[in-house]
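Protein sequence lines correspond, in order, to chains A and B. The numbering of the first sequence is this note's numbering, which starts it at 1 and goes up by one. The numbering of the second sequence is this note's numbering, which starts it at 1001 and goes up by one. Virtual Cβ for every residue (Gly too), placed ideally from N, Cα, C. Because the structure is a prediction, the values reported are computed rather than measured.
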Amino acid sequence: MAIFGKLRWISRSFTSLPANPLRICVVGSGPAGFYTAEKILKAHKGVEVDIVDRLPTPFGLVRSGVAPDHPETKIVINQFSRVSQNDRCSFIGNVSVGSSVSLPELRQMYNALLAYGAESDRALGIPGEELGGVYAAREFVWWYNGHPDCRNLAPDLTSTDTAVILGQGNVALDAARILLRPTVELARTDITSHALDALEESSIRKVYLVGRRGPVQAACTAKELREVLGIKDVSIHVKQADLVTTPADEVEMKNNRIRRRVYELISKAASSGPSPPLPGQRELHFVFFRKPDRFLESDDRSGHVAGVHLEETTLEGDDLGKRIAVGTGIFDDISCGLVLKSIGYKSVAIDSLPFDHYKGIVPNVGGRVLSDSTGDLPQYETGLYVCGWLKRGPTGIIATNLYCAEETVASISEDIGKGVLTSNSSKPGREGLLQLLDSRNIRVVQFDDWEKIDAEEKELGNLKNKPREKLATWEELLQVASE
Amino acid sequence: MFISKFSRLGAHAIKSMVKAPYFTPRTSYLPVVHNHYLRTLRHEPFCTGAEKNADEGSEEKKKISVTFVDKDGEEKHIKVPVGTSMLEAAHENDIELEGACEGSLACSTCHVIVMDVNHYNRLEDPTDEENDMLDLAFGLTETSRLGCQIIAKPEIDGIRLVLPAATRNFAVDGYKPKPH
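Structure representation (structure tokens):
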């Protein structure tokens, strides 16, 4: 198969391509990577784009982030697959930039565009964060979505009836919905079996969504909120006092349609009030104006979390939309055996890459990577660009990457126009990369190998009346890819 | 009015199809594959209507004129069969309107701005689900809609739709939240 693939590449280079195309390597095959690749291919007929990914599977967070009960959101995979099938584009999976190949090596072979997103988490930096039962929401999401790095997370869902989720963004709401939604409904999705089995056994009945600010500032969007409020057999709890708005809140809502619609949904849910609790009914509690102070350790289960110590907050500052939560010195606790920290993702630096550790991004102007931003005149890294979360921080939706990619591709086009980027025979591109990886015994996964994984997953899913049963270990993925 | 209610039913049908246990997302070269189902659903009422007005019911009657204004301000005039969504029409005519979720109301990428408020007012009000997506649309205006939810009907003949990138500046300056 590998020989076949190489032959196809060689024949391609003889037929449809200019003798010496400009070679760009996109690092990361999520929405930012694919949208950028699509736009480069469209704008420049003489450019070849290779998309490398650390995983054997493409599509980044569309596969491992989007919730299993949001199949419509994943339809964008069709568009990305069409990009991969372009003659001038290849997917090369199972290649980790930083270990399989270093960034300087990659840049000798290609002009590089980094779009590898945010694979780590912001930390709270409070005592007890390392206790058992305290997870980053990202890990929980990767676990139920079959990311091979979290296959063995095994969160304990049977020793407690209460989970606390810190944060009120869409990731927090997704996690709450997965914990509370009837498993018969989840069973029809592409949620992984190991997660479904654990959720079927789950004893969690109460989920607290804790936010530092109020219902006007909640970071979620209306769609996700509407869904979580509508879960079957879940009673919704909101304190009436938290719904009182200040003049500053009113201004914020007037200026921001999302904030207004989110607030309206929360207050509507609160006014209809929790119906008298039925035995065994699950509960969702919105807790506003609280920030975590420390995690409490269990007395009878050493090293495990037993609760969260919260400080009441109030909002300060006049900068609308950016008012910050300040502690009031009044504390209370919520007892729980599971905590998911959903306070933001964080990008990871790779060696020799300029990185702003405070903002967690690669310093850039319009997607051009800055080598030195201290002087008056910005100094750029030639042939190095950035897009997506690594460029602007871990916020926004899939479509945000459309505009982000447009901006980065405009910078690339300008540099091609100015002659900063030229097709250069000293950059061997794909051929050089594959040779190097081969010499290091790294087996790459090309798009047709991924299609084998895809077909296998769909077939396994079919047996269980699910759209897909994801292969969730490295071994299985690589095994099927090489069949 | 019947038309767009019907098409909305269609949208729900798509959603339930997508959620149905046996559904497997297909990789297809056709960007609007799911809408074939919708189109067959939608044709029925029109066949009846066309028969009734057989005398005047030429092919022309079943199409309306639509103008798309692209990112560079260039206009493209197309004829769109009644019952077809603006997303489908754009793709059939090589107009660069994104459609990440292929018309299943799960993204905001087919956002268009209706130029004439009279045309805008002749559309059915957006559903909560469409508004949820419009919340996230780039450069939202008071006459923004999702292209997949605007279905061609005689009342909106001559409608002009702007792709938002062309209007980035006025969209930011002129945006006023629309009261519900």
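At least one CB of chain A closer than 8 Å to the CB of residue i: is that the case?
| i | result |
| --- | --- |
| ASP1132(B) | yes |
| THR1109(B) | yes |
| SER1104(B) | yes |
Go ahead and label residue i buried or exposed: buried means 16 or more other beta carbons lie within 10 angstroms of its beta carbon, across all protein chains shown.
| i | result |
| --- | --- |
| HIS357(A) | exposed |
| GLU224(A) | buried |
| LEU463(A) | exposed |
| ASN111(A) | buried |
| GLY1099(B) | buried |
| LYS427(A) | buried |
| THR328(A) | exposed |
| ASP249(A) | buried |
| VAL251(A) | exposed |
| ALA1181(B) | It is not possible to answer for residue 1181(B), since the shown part of chain B is limited to 1001 through 1180. |
| PRO155(A) | buried |
| ILE324(A) | exposed |
| VAL141(A) | buried |
| GLN446(A) | buried |
| LYS322(A) | exposed |
| ASP484(A) | The question about residue 484(A) has no answer here: the residues shown for chain A are numbered 1 through 483. |
| GLU316(A) | exposed |
Starting from the beta carbon of residue i, find every residue of chain A whose beta carbon is closer than 9 Å, and list them in chain order.
| i | result |
| --- | --- |
| PHE1138(B) | ALA399, THR400, LEU402, TYR403 |
Within this structure, are the beta carbons of residue i and residue j separated by less than 8 Å?
| i | j | result |
| --- | --- | --- |
| ILE343(A) | LEU124(A) | yes |
| TRP450(A) | GLY117(A) | no |
| LEU103(A) | ILE350(A) | yes |
| LEU477(A) | PRO58(A) | no |
| ALA137(A) | ALA175(A) | yes |
| ALA195(A) | LEU179(A) | no |
| ILE231(A) | ALA269(A) | no |
| GLY429(A) | ARG88(A) | no |
| THR73(A) | ALA1106(B) | yes |
| ALA222(A) | THR1109(B) | no |
| ILE1159(B) | VAL1066(B) | yes |
| LEU114(A) | ALA172(A) | no |
| GLY133(A) | LEU310(A) | no |
| SER29(A) | ASP53(A) | yes |
| PHE289(A) | THR313(A) | yes |
| LEU434(A) | VAL444(A) | yes |
Cβ closer than 8 Å: which chain B residues qualify as neighbours of residue i?
| i | result |
| --- | --- |
| ALA115(A) | None at all; the shortest Cβ gap to chain B is about 17 Å. |
Kindly indicate if chain B contains any beta-carbon less than 8 Å away from that of residue i.
| i | result |
| --- | --- |
| ALA222(A) | yes |
| ARG368(A) | no |
| ILE231(A) | no |
| GLU252(A) | no |
| HIS44(A) | no |
| ASN20(A) | no |
Please list the partners that residue i has in chain A, where partner means a Cβ-to-Cβ separation under 7 Å.
| i | result |
| --- | --- |
| ASP1181(B) | Since the first residue shown for chain B is 1001 and the last is 1180, residue 1181(B) is missing from the structure and cannot be characterised. |
Residue i touches chain B at which residues, Cβ-Cβ below 9 Å?
| i | result |
| --- | --- |
| HIS70(A) | ALA1106 |
| TYR226(A) | It should be noted that the sequence gives Arg, not Tyr, for residue 226(A). ASP1128, GLU1129, ASP1132, listed in chain order. |
In chain order, what residues of the segment 1142-1162 of chain B put their CB closer than 9 Å to some CB of chain A?
none
Cβ-based contacts, 7 Å cut-off: residues of the segment 1067-1101 of chain B near chain A:
GLU1098, ALA1100, CYS1101
To be precise: take each residue of the segment 457-483 of chain A, compare its Cβ to all Cβ atoms of chain B, and keep it if any distance is under 8 Å. Which residues remain?
LYS458, GLY461, ASN462, ASN465, LYS466, PRO467, ARG468
So if I threshold CB-CB distances at 8 Å, which residues from the segment 72-96 of chain A count as touching chain B?
GLU72, THR73, LYS74, ILE75, VAL76, ILE77, ASN78, GLN79, SER81, ARG82
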